[in-house]
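Here the sequence shown is numbered in the working numbering, starting from 4 and rising by one per residue.
Just so you know, even glycine gets a beta-carbon here, dropped at the ideal spot from N, CA and C.
What follows is one structure encoded as structure tokens, with my remarks underneath.
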Amino acid sequence: MYSTGSSFSTSLVIGDLNNDNRLDISVVNNDINSISILLGYDEGFANLTTYSTGSLPNFVAVGDFNNDARLDMVITNQYEKTVSVFLGYGDGSFANQMTYPTGTSPYSVAVADLNNDTQLDIVVANKDDQEIGVLLGYGNGSFANQIPYSTVSSTSQIPYYNGSQPYFVAVADFNNDNRLDIVVVNKGDNNVGIFLGYGNGSFARQTTYSTGSEPYSVAVGDFNNDARMDIVVTNSNSSSISVLLGYGNGSFENQMTYFTGSMPCSVAVGDFNNDTRLDIVVVNQLSRNVGILLGYGNGLFANQVTLMTNLYSQYVAVGDFNNDSRLDIVVTYRYDDIVGVFLGYGNGSFARQITYSTDSEPYTAAVGDFNNDTLLDIVVTNFGSNDVGILLHYNRGTLINKGAFSSSDGSHIRSIVTTDFNNDSLVDLVIANYGTNNILLLNGNGDGTFDRNMLLPIGLDSHPYAIVIDDFNNDAELDITVVNHGTNNVDIFLGDGMGRFAHQTNYGDSFDSPPFIVATGDLNNDGRSEIIVAYNDTDNVHIYVPYDTSSFQNQKTYRTGFDPYSITVGDFNNDFLLDIVVVNRNDNNLGVFLKYANGTFATQMTYSTGAAPYFVAVGDFNNDSRLDMVVANRNDNNLGIFLGYGNGNFTTQMTYPTNSFPGLISWPCSVAVGDFNNDTRLDIVVANSAANNIGILLGYGNGSFANQTSYSSSYSPQSISVGDFNNDICLDIVVVNYDSDSIGVFLGYCNGGFDDPITYLTDRFSYLLSIAIGDFDNDTRIDIVVANNGYNNIGVLLGYGNGSFAKQITYSIGFRPTSLAVGDFNKDNQLDIIVICSNDINVRILLGHGNGSFTKQVTYSIGFLPMSIVIGDFNRDTRLDIAVTSSDSNNVHVLLGRVNIVFVKKMMLNTSLGSRPRSFVIGHFNNDDRLDIAIANSGTDNIGIFLGNENFYFTNQTMYETGSNSRPYSLAAGDFNNDTHVDIVVANYDSSTVGIFLGYVNLVCIVN
4 MYSTGSSFST SLVIGDLNND NRLDISVVNN DINSISILLG YDEGFANLTT
54 YSTGSLPNFV AVGDFNNDAR LDMVITNQYE KTVSVFLGYG DGSFANQMTY
104 PTGTSPYSVA VADLNNDTQL DIVVANKDDQ EIGVLLGYGN GSFANQIPYS
154 TVSSTSQIPY YNGSQPYFVA VADFNNDNRL DIVVVNKGDN NVGIFLGYGN
204 GSFARQTTYS TGSEPYSVAV GDFNNDARMD IVVTNSNSSS ISVLLGYGNG
254 SFENQMTYFT GSMPCSVAVG DFNNDTRLDI VVVNQLSRNV GILLGYGNGL
304 FANQVTLMTN LYSQYVAVGD FNNDSRLDIV VTYRYDDIVG VFLGYGNGSF
354 ARQITYSTDS EPYTAAVGDF NNDTLLDIVV TNFGSNDVGI LLHYNRGTLI
404 NKGAFSSSDG SHIRSIVTTD FNNDSLVDLV IANYGTNNIL LLNGNGDGTF
454 DRNMLLPIGL DSHPYAIVID DFNNDAELDI TVVNHGTNNV DIFLGDGMGR
504 FAHQTNYGDS FDSPPFIVAT GDLNNDGRSE IIVAYNDTDN VHIYVPYDTS
554 SFQNQKTYRT GFDPYSITVG DFNNDFLLDI VVVNRNDNNL GVFLKYANGT
604 FATQMTYSTG AAPYFVAVGD FNNDSRLDMV VANRNDNNLG IFLGYGNGNF
654 TTQMTYPTNS FPGLISWPCS VAVGDFNNDT RLDIVVANSA ANNIGILLGY
704 GNGSFANQTS YSSSYSPQSI SVGDFNNDIC LDIVVVNYDS DSIGVFLGYC
754 NGGFDDPITY LTDRFSYLLS IAIGDFDNDT RIDIVVANNG YNNIGVLLGY
804 GNGSFAKQIT YSIGFRPTSL AVGDFNKDNQ LDIIVICSND INVRILLGHG
854 NGSFTKQVTY SIGFLPMSIV IGDFNRDTRL DIAVTSSDSN NVHVLLGRVN
904 IVFVKKMMLN TSLGSRPRSF VIGHFNNDDR LDIAIANSGT DNIGIFLGNE
954 NFYFTNQTMY ETGSNSRPYS LAAGDFNNDT HVDIVVANYD SSTVGIFLGY
1004 VNLVCIVN
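Below is the structure:
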């Protein structure tokens, strides 16, 4: 048992909090407002298992000699002149030894494929025969007789014994010919010998290189990052090591020496500080330490840093023994009958050693995974007891209390979740503070400690109860959803992958009662996860889907002229950025705002118009690929044409009358452009409010136009739009008539002429002011939406595709709607409607369902009285933005669109009367790639399975009994019998049992 210091620990979560590949636990302490961290740690190695060898075993190496994917080992028996081969069973145990004769006093051994036949071979240093021996492997665990190669050179000395005294061997490709070579330490000759391999198991005569006095041990590696193998040798009689840098052709530079402790007798290499540069570890036997020499990556090394050891340390090997991606060290102590393990911190320093008992006189060691559990084990040669010992690595899930992290006074933590929300590959924590109405984010440091990141407020009396983490907006970044007990709703925080979160404005559905359990999963495979909620003391489960309501943030305000009355957009300087043009009614001019690449707009450039310009539209009237402008000059009864130069500048206006003869009042108030006679030249249509007609001006394609042809409309046409309403590939015209409360549709003949209008009456005193078109029900037929200023609503008329329309369907809006636009604001491929009302400070969006119907309006305050509106993607983020003119403040406001995710109730799953669902789990229970739901029905003693179908449809639940009076309370899922089918485990509260349901392809069966 492990104490948390709390009497009311309410929740826990499991994860690898310190990146050591071991599971840790974070516990919520509700009564003391804190969380406790219990870090999992490694208990080390099991008791020693021994296997008899020959006499005086000296050295051990490991490899797979019989190609069964299980590690085997080879040991040199110095007295018996043999090597012993032990074939491994893969469970940490080994077959009896097979022995192969060598030369006299075999001391060390190495394994590698020396003849390129993909089978491991053995090379052994026969100390007293002054030779090395090569034993070629057959790949079945057996070996050929040894082939000897002399290590005697012309400078051989006899200081203690006869000859060169080869002690240590290692294998590497020293001349970059893809054939393995051998290096041998000749202690008697104070040199190392290089045997270059021919790739067929035979070798050239040795070439020698001088070392220090009495070299003993050797290791190889690329110390200067030149892709050429280098050598390091311990000089046991001169308290130093020698580094010989390789030229890559089989030859080496003269040695560089580094002083160590007394009698360095073993050396190994590895990257101990994770800087991708090889370092050196050396055993200084008589100095009672090991020395660490950190490499600079250029062939040079820092002075050694020492770790205290016992006396008579003998041999060193390296490996990652605790799976933390940091190299550790193991040292043998010949006369203490132990091995010591130094766990590395990854910065070149190490923890104090942990010791493990061996048999008599452990001499050398090797590491490998002998039982295929992905944990490194250790094998040692016991010189005094003539055996080898196996130390199997094991992990029993032991925990160490790392301490508590305080949330805040009165926080009453209810839920905790682990995740990596800033993409730094370190585990972070998200905590629900029930008492303080917020959630706390803690950034993980990777060592089991955490830094406070931020508090995210939820709202007064919200009482956040549970947290679920998933991707709710399909941007591949993790988001946070908080279930609130106090307000019976959810709050969503969208993550950006860098640890920052945007709180979404909550327009979603509320829960029926306080939620009890919540889960998440992508039930319809759209890349956005849904949430599933069950409530206390109810008999149903609800599924809520994420829905983007869209929102806007005020980016910047730009000064216009007096009384900006109409607005539109276009790329006037061909820089692929949307620019804005506004008509300043009381200044009698146009204002052009060019967009900068940094997202802002330039100060307006003005162009004089006629008197009281009312409306502006854009198009390429002279076919030069540069946008031009047309403006309706109301009080001058004409249209003004401004031809664009393509650099943001325009000509002075050319005017065209909209009245039948001079002096007659026409009052043009709205214009639209289109090719009405199919000659690939843009034409203009104008609504003449005082003349009660529309006028057609056919374009010549050079920027000039014919005189207008007028068509009678009803009283006071106000707003006009064009589209093909009868699918005859000819443009038609629709106009709203303010004084007659009607809509007129003019069907085009494709030659610039139009039929008499088809009139659709709206309610009396509708006072229609604005019109827009779009396909709202996805039937490829154009529909109409109008602003009913007198009735404070908008009307949608669905088109039949033959030029006629259904009766309008109205949606309530704020006071006096004056302008509207159509676009897909939430990127669901359905058209939405945005509306402004001149008498309030809000923008209102009605999100389309794609079937011709719309949600209730969502209102966003913009802080000023709007006059006209236009849409466009101003910041090129693929989301629609809006620009709104304000006639009371003489400004244009740019508001950038952004995502706003809420949850909307989609459907209910009925779990039967009295079922009282207490837990659910989501999985593919029938292997059809659609998520299913399993529910623990505590009141009816069963679990219910709802199988998912297309489009959010679920089958009726299939029930599986858990036993009378069992009260199933919690579920989990996994593949318990390795048959690739998901199984379910249930905890039964009243019967104190656990039940297992094994899954079939489309069935579930109780096992116990």
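- Listed in chain order, the beta strand (DSSP E) elements of length 3 or more contained wholly in the stretch 215-247 are 218-224, 233-238 and 243-247.
- Here the stretch 352-368 makes no contact with the stretch 280-287; the two share fewer than three CB pairs at distances below 8 Å.
- In its chain, beyond the 5 residues on either side, M911, L912, N913 and T914 have a beta carbon closer than 7 Å to the beta carbon of N543.
- Annotation: T439 is outside any beta strand (DSSP E) and is labelled neither H nor E by DSSP.
- The three-state secondary structure of S722, taken from DSSP, is strand.
- Per DSSP, Q209 is not a residue of any beta strand (DSSP E), being assigned neither H nor E.
- By the neighbour-count criterion, in which 16 or more other beta carbons inside 10 Å mark a residue as buried, K190 falls on the buried side.
- Comparing C-alpha distances from F928 to each of D986, N952, N894 and D944 shows the shortest one belongs to D986.
- Of the residues assessed, D225 falls on the buried side of the cut-off, its CB having 16 or more other CB atoms within 10 angstroms.
- Proximity of the stretch 765-773 to the stretch 788-795 meets the contact definition, three or more beta-carbon pairs being nearer than 8 Å.
- The stretch 254-267 makes no contact with the stretch 328-338: fewer than 3 CB pairs, one atom from each, lie closer than 8 Å.
- Approximately 15 Å separates the beta-carbon atoms of I442 and L463; this is outside 8 Å, ruling out the contact.
- When C-alpha distances from G502 are compared across D678, N446, F171 and V861, the shortest belongs to N446.
- Here the stretch 885-898 makes contact with the stretch 547-563; the two share three or more CB pairs at distances below 8 Å.
- Annotation: the stretch 601-656 contains the following complete segments of the beta strand (DSSP E) (minimum length 3 residues), in chain order: 608-611, 616-622, 631-636 and 641-645.
- Nearest Cα to L593 within the set L581, V572 and D578: V572.
- DSSP places L849 within a strand segment (E or B) once states are collapsed to three.
- Linking F255 to G249 through their CA atoms gives a straight-line distance of about 4 Å.
- About 5 Å separates the CB atoms of L750 and G806; that is less than 8 Å, so the two are in contact.
- Under the 10 Å beta carbon count, Y648 is surrounded by fewer than 16 other beta carbons and is classified as exposed.
- Within the same chain, S673, V739, S773 and I774 come within 6 Å of S722 by CB-CB distance, once the 5 residues on both sides are set aside.
- Classified as exposed, V997 has fewer than 16 neighbouring CB atoms from the shown chains inside 10 Å of its CB.
- Excluding sequence positions up to five before and after D67, its CB lies within less than 7 Å of the CB of R73, L74, D75 and L123, all in the same chain and listed in chain order.
- Per the DSSP secondary-structure output, Q556 pairs in a beta bridge with L899.
- Short of 8 Å from the beta carbon of A614, and not among the five residues preceding or following it, lie these beta carbons of its own chain, in chain order: N591, N636, R637, N638 and D639.
- In the DSSP assignment, M457 falls within the unbroken beta strand (DSSP E) covering F453 to P460.
- Taking N991 as reference, the option from S414, T983 and E964 with the minimal CA-CA separation is E964.
- DSSP places E364 in the coil class of the three-state scheme, outside both helix and strand.
- Runs of the beta strand (DSSP E) spanning 3 or more residues and lying entirely within the stretch 864-900 occur at 871-875 and 884-889, in chain order.
- For N930, the closest C-alpha among the options Y956, D727, Y1003 and G966 is that of Y1003.
- Under the DSSP assignment, M311 falls in the beta strand (DSSP E) whose first and last residues are V308 to M311.
- For secondary structure counted as the beta strand (DSSP E) over 3 or more consecutive residues, the stretch 953-1011 holds these complete runs in sequence order: 961-964, 971-977, 986-991, 996-1002 and 1007-1009.
- Per DSSP, the beta-bridge partners of R562 are N894.
- For N326 and G371, the gap between their C-alpha atoms comes out near 13 Å.
- Judged by their CB atoms, S532 and F475 are nearer to each other than the 8 Å cut-off.
- The criterion of a C-beta distance shorter than 8 Å is not satisfied by D780 and G726.
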